[in-house]
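Written out below as structure tokens is the structure these notes cover.
Numbering (the working numbering), first residue to last: 8 to 174.
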């Protein structure tokens, strides 16, 4: 039976202002693919768009998985909440630019999935328990550190994108 070890739960990034949701979406997806959290089965698990009087409301959920080994998967989940998304036109250097403005909140969660393919079986024998506790522990600790580093780096990239965007 698979086991889930949560490394970081619902770390948040909030932003209110002008941003390009499509560009941010592409850059975040590229970052995940570049770091082997590939979309083999598709990352996007949910996409809901509602039209409200104060602008669009968008909810998106991604589940990105890195198959670190045959025993361990590293998973990063991202949930987007966008409120009041509306199209605007800006003028920059005499040119009109179409973009969006609104409020966005993103929540990042990371966890390891152990015993992915039920390699050790549900009913662990004493040998398997010893193997898991002593032999795999060092590898699991290494995966925890890697995943935490990836999560923080990814969150920092998103913050950087939102704050560095110049219009």
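In this text, a Cβ means the ideal position worked out from N, Cα and C, and glycines have one as well.
Check                                                                                                                                                : Outcome
So, with DSSP's three-state summary, where would you put residue 9?                                                                                  : coil
How should residue 158 be labelled, buried or exposed, when 16 other C-beta atoms within 10 angstroms of its C-beta is the threshold for buried?     : buried
So, residue 97 versus residue 107, is the Cβ gap smaller than 8 angstroms?                                                                           : no
Can you check whether the CB of residue 69 is closer than 8 angstroms to the CB of residue 85?                                                       : yes
Taking the alpha carbon of residue 104 as the reference point, which residue from 111, 95, 110 and 112 has its own alpha carbon closest?             : 95
To which residues of the same chain is residue 75 closer than 6 angstroms at the C-beta, ignoring the five residues directly before and after it?    : 81 and 150
Cutting at 8 angstroms between CB atoms, please list the residues of its own chain near residue 10, excluding the five before and the five after it. : 120, 121 and 122
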